[in-house]
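Chemist: Chains A and B supply the protein sequences, listed in that same order.
For the first sequence, the working numbering gives the first residue as 1, with consecutive numbering after it.
For the second sequence, the working numbering gives the first residue as 1, with consecutive numbering after it.
Here a beta-carbon is modelled for each residue, glycine too, at the ideal position from N, C-alpha and C.
Since we're looking at a predicted model, the values are computed, not measured.
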Amino acid sequence: NAGVTQTPKFQVLKTGQSMTLQCAQDMNHEYMSWYRQDPGMGLRLIHYSVGAGITDQGEVPNGYNVSRSTTEDFPLRLLSAAPSQTSVYFCASSYTGTQRNNEQFFGPGTRLTVL
Amino acid sequence: SQQGEEDPQALSIQEGENATMNCSYKTSINNLQWYRQNSGRGLVHLILIRSNEREKHSGRLRVTLDTSKKSSSLLITASRAADTASYFCATGPRGSARQLTFGSGTQLTVLP
Chain A
1 NAGVTQTPKF QVLKTGQSMT LQCAQDMNHE YMSWYRQDPG MGLRLIHYSV
51 GAGITDQGEV PNGYNVSRST TEDFPLRLLS AAPSQTSVYF CASSYTGTQR
101 NNEQFFGPGT RLTVL
Chain B
1 SQQGEEDPQA LSIQEGENAT MNCSYKTSIN NLQWYRQNSG RGLVHLILIR
51 SNEREKHSGR LRVTLDTSKK SSSLLITASR AADTASYFCA TGPRGSARQL
101 TFGSGTQLTV LP
């Protein structure tokens, strides 16, 4: 299994540009989420999904959109990039259900710079 | 806002010594997890402790949880240079166990 994969690894955008960060997992996990990591602040939850067709907002959702059309994929869209969105973005997935561990599996991250 | 706060922010020890990191949080939790992040990499799950547990072991790792003080500690025994990494605690709140809130992390350096 490839686990959680993210593309691209690095991206530079200009202010106002849009782009989509890709995330895919091959573990048949129902739960997927996006975090951003800024220096000295740990990870903050942007959006999450508990299954195909279901998404919800996390702590810092403004400026980002998500959709979940399949179990495997959970793309994150930046509608109009701003310098404040310069960060490292991590996608994660896990099982749901009370009988399963809540352990989350993380992708390698996308380092985004907005000029 | 940060739910979990780690202490210390940075820790430097010699190989073979034990490393202890602490985490405090603010609200009721379903579980508390510890993750490791090597430089430039994604996070790797280390251990999970549920709110009704007080102590858990996994290899050289020992985690304790005190829900009355809203705190947890991670002990790494007999540290190795390969343990050099950032360590994060993450809390899963009641009713939303997977919506993790991360602390700002402890940077551990193990000197050979």
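Could you tell me whether any Cβ in chain A is nearer than 7 angstroms to the Cβ of B/L43?
Modeler: It does; some Cβ of chain A falls within 7 angstroms.
Chemist: Does DSSP classify A/D26 as helix, strand or coil?
Modeler: Here A/D26 sits in coil by DSSP.
Chemist: Based on Cα-Cα distance, which residue from B/W34, B/L48, B/Q14 and B/G16 lies nearest to B/N22?
Modeler: Taking only the C-alpha atoms, the option nearest B/N22 is B/W34.
Chemist: In the DSSP assignment, the beta strand (DSSP E) including B/L61 goes from what residue to what residue?
Modeler: Taken as a continuous stretch (DSSP letters only), the beta strand (DSSP E) holding B/L61 covers L61 to D66.
Chemist: Under a CB-based cut-off of 7 angstroms, is A/M32 close to chain B?
Modeler: Taking Cβ atoms only, chain B never reaches closer than 7 angstroms to A/M32, which makes this a no.
Chemist: A/S94 touches chain B at which residues, Cβ-Cβ below 8 angstroms?
Modeler: Near A/S94 (Cβ distances below 8 angstroms), the residues of chain B are R98.
Chemist: Please confirm if A/G3 has its CB atom under 7 angstroms from at least one CB of chain B.
Modeler: With 7 angstroms as the cut-off, A/G3 does not count as an interface residue toward chain B.
Chemist: Return no unless some Cβ of chain B is closer than 7 angstroms to the Cβ of A/G107.
Modeler: So yes, A/G107 belongs to the interface.
Chemist: Classify B/I76 as buried or exposed, calling it buried when 16 or more other Cβ atoms lie within 10 Å of its own Cβ.
Modeler: Buried: at least 16 other Cβ atoms inside 10 Å.
Chemist: Given this structure, state the Cα-to-Cα distance separating A/T113 from A/L45, to the nearest angstrom.
Modeler: Cα-Cα distance, rounded: 19 angstroms.
Chemist: Could you compute how far the alpha carbon of A/D38 sits from the alpha carbon of A/V4?
Modeler: So the alpha carbons of these two residues sit roughly 21 angstroms apart.
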